[in-house]
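Numbering (this note's numbering), first residue to last: 204 to 489.
Below: one structure, written as C-alpha cells.
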Ligand code: GLY
C-alpha cells in the first residue's frame, strides 16, 4: 500500500488517498476522488489545476487530465476540455466507457455532457486570482510562470496501481494547446508488474522525452524508483545541456511501495507507504 503526489499542495490529496487505501478502496477510485478534490478547489487553481486554473490567451480555462491503471490497455484522457471542474473524472469515464483513449476539445465536452457532467460557464472556472493575472497578461503581455500539474499515484491493498494527472496547462497558452499530461508515457505511465510514474513541468518540452515511460522501463530493468527518476533527468540534461534544462519534476512508485523523485527545480512531493504512520513531505532542492 502506498500513495504519492506532486508538489506540497498534494498533501491533503495524499492524506485522503492514505485513508481510502487503508479503508480497502480500489486504486483507481482513490486517485480519481483525491484528484477531484484538488481539481474542484478554486484555491488550488493557482497551482494550475482545474477550477480556478489559469486561462488560455482568450481567457478560457482549458484542462488536460488522464488516468492510467497498471493493467494493460487501461488508459483514458481528455485534453483542452472546457467547463468541467473535475476533468480527471471525465478521463476515468473515457477509460471505462468510451472505445477511445483520448478525447479533445468539443468532442471531450460533448462526451462529458453525455456522461452526465454539467458543462459550466467559463466564469465559474475562473478565480479572482487567475482573472487578475489574465488582466495583467492582456495589459502587459506578462506571463505567469510555473506548470504545477497534480500527479497522484496509488497502490492499493490488492496490489492494483493507478496514476492520474490533471492540469489547466501553461498559463495563457494558445487555444487548443495540449501539454504532456494527457499523453501516455509523457505525463504518466503505469505497469502493474513494475510500478508507475508521473511528470510535472513544462509540458511542451516534457512530451519530447516520454519521461514517465522511461522511468517505468528503468524500474522494469531493476532500478529503484529513485535511481530511475535520477537517470531519466540525468539523460535529459546530458542531451540538452544542464544549463538549458526546462522545468521538469518526476515521481515514481514501485510495487513494493518504494518511492523516488527527481527534478530540475526545487520540487516538494508527498508520500506515504504501509511502513509509515503519516504522510511525509520531501523536497528536492536545486
Ligand atoms: N505539465 C503541464 C503542462 O505543461 O501542460
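Even for Gly, the Cβ is constructed at its ideal location relative to N, Cα and C.
Because the structure is a prediction, the values reported are computed rather than measured.
Query: Nearest residue (CA-CA) to residue 385, options 264, 488, 445 and 280; Result: 280
Query: beta-carbon residue 372 near the ligand GLY non-hydrogen atom, thresh 6 angstroms; Result: yes
Query: For residue 353, the three-state DSSP class (helix, strand or coil); Result: strand
Query: Runs of beta strand (DSSP E) lying entirely within the region 431 to 488, each at least 3 residues, in chain order; Result: 451 to 457, 462 to 466, 470 to 476 and 483 to 487
Query: Sequence-distant residues of the same chain with beta carbon closer than 6 angstroms to residue 378, five excluded per side; Result: 259 and 261
Query: Bounding residues of the alpha helix (DSSP H) (the contiguous stretch that carries residue 297); Result: 290 to 300
Query: Proximity of residue 462 and residue 422 at Cβ, strictly below 7 angstroms; Result: no
Query: Residues bridged to residue 266 (per DSSP); Result: 284
Query: Cβ-heavy atom distance, residue 352 to the ligand GLY, below 6 angstroms; Result: yes
Query: Residue nearest to residue 309 in terms of C-alpha spacing, selected from 443, 214, 271 and 322; Result: 322
Query: Beta-carbon spacing of residue 400, residue 381 below 7 angstroms; Result: no
Query: Cα-Cα separation between residue 464 and residue 373, rounded to whole angstroms; Result: 22 angstroms
Query: Beta-carbon proximity list for residue 245, same chain, < 8 angstroms, skipping 5 on both sides; Result: 254, 255 and 330
Query: beta-carbon residue 384 near the ligand GTP non-hydrogen atom, thresh 6 angstroms; Result: Among the ligands in the structure shown, the ligand GTP does not appear; only the ligand GLY can be found there.
Query: Length-filtered (3 minimum) beta strand (DSSP E) runs lying within the region 372 to 401; Result: 391 to 394
Query: Cutoff 6 angstroms; reference residue 265; Cβ partners in own chain excluding five residues on either side; Result: 259, 283 and 285
Query: Any non-hydrogen atom of the ligand GLY within 6 angstroms of residue 567 CB; Result: Residue 567 is absent from the structure shown; the chain starts at 204 and stops at 489.
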